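Colleague: I am attaching a structure below and will ask some questions about it afterwards.
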């Protein structure tokens with residue numbers, strides 16, 4: 044697992060150990076950032092269910108102003124902090140020990156991009172997706188990584204499913220504000 048491009052290009056990142064950890068593959072990560080490349084510079088990025096923090100770190104490396112890393116697993120957050128330190132991104136990062144769904148329900152922060160990649164088939168994605176629209180700016184987006192056989196709703200709050208992308212057994216679903224999609 045590595046940072047693909049930007050200021051930390053090529054840096055090898057550490058991954059948490061365990062059966063409940065499933066880091067996003069470099070291929071999927073590269074595809075996600077290719078599809079959002081013009082939205083990353085200067086954005087506020089939320090890496091929900093952060094795991095290793097690689098998605099938020101990639102966002103910072105590509106020009107995001109700040110990334111928030113949320114996870115309820117202390118071991119994962121230690122890995123996130125180590126990876127952030129390795130890349131020199133401490134000043135652009137907020138690492139928060141919290142349940143992502145609770146965080147999405149209570150935070151006053153607003154984000155340009157929210158990335159959700161919880162453990163598969165646990166119901167966590169649907170619960171987080173339901174809460175996410177309240178923290179995303181009107182021009183922002185919600186990106187979900189999930190198994191391709193897991194169906195997500197066509198609408199959530201004021202956000203509509205804009206597109207699904209398949210990568211083998213993995214699906215990336217991208218939601219945008221309905222007023223932005225209609226423009």
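Residue numbers (my numbering): 44 to 226. Note that CB positions come from ideal geometry on N, CA and C, so glycine has one too. As the structure is a computational prediction, the values presented were derived from the model and not from experiment.
1) Can you check the stretch 94-175 for any alpha helix (DSSP H) of at least 4 residues that lies completely inside it and give the ranges in chain order?
2) Which value, in whole angstroms, describes the spacing of the CA atoms of residue 242 and residue 176?
3) By DSSP's criteria, residue 91 is part of a beta bridge. Which residues make up the other side?
4) Give me the Cβ distance between residue 97 and residue 184, rounded to the nearest whole Å; I'm assuming they're in contact under 8 Å.
5) Does the Cβ of residue 178 have 16 or more other Cβ atoms within 10 Å, making it buried, or fewer, making it exposed?
6) Just to confirm my understanding: we take residue 99, look at its own chain, exclude 5 residues before and 5 after, and list those with CB closer than 6 Å. What are they?
7) Do you know whose CA, among 104, 157 and 164, lies nearest residue 53's CA?
8) Compare the C-alpha of residue 197 against each of 163, 68 and 172 and name the closest.
9) Taking the continuous alpha helix (DSSP H) assigned at residue 194, which residues delimit it?
10) Taking the straight line between their C-alpha atoms, what separation do you get for residue 157 and residue 215?
11) Please say whether residue 181 and residue 154 have beta carbons closer to each other than 9 Å?
12) Going along the chain, which residues of its own chain have a beta-carbon closer than 6 Å to the beta-carbon of residue 51, five neighbours each way excluded?
13) Tell me which residues share the same chain as residue 66 and place their Cβ nearer than 7 Å to its Cβ, disregarding the 5 neighbours each side in the sequence.
Modeller: By the coordinates alone:
1) Entirely contained in the stretch 94-175, the alpha helix (DSSP H) runs reaching 4 residues are, in chain order, 97-104, 117-130, 143-149 and 167-174.
2) The first residue shown for the chain is 44 and the last is 226, placing residue 242 beyond what the model contains.
3) Partner residues in the beta bridge of residue 91, as assigned by DSSP, are 113 and 159.
4) Actually they are not in contact, since the Cβ atoms of residue 97 and residue 184 sit about 19 Å apart, beyond 8 Å.
5) Buried.
6) The residues are 88, 90, 110 and 112.
7) That would be 104, whose Cα lies nearest to the Cα of residue 53.
8) Ranked by Cα distance from residue 197, the first of 163, 68 and 172 is 172.
9) Here residue 194 belongs to no alpha helix (DSSP H), and DSSP marks it neither H nor E.
10) Rounded to the nearest angstrom, the two C-alpha atoms are 13 Å apart.
11) No, they are not a contact pair.
12) Answer for residue 51: 104 and 130, listed in chain order.
13) In chain order, 44, 58, 94, 95 and 97 place their CB closer than 7 Å to the CB of residue 66, counting only its own chain and leaving out the 5 sequence neighbours on each side.
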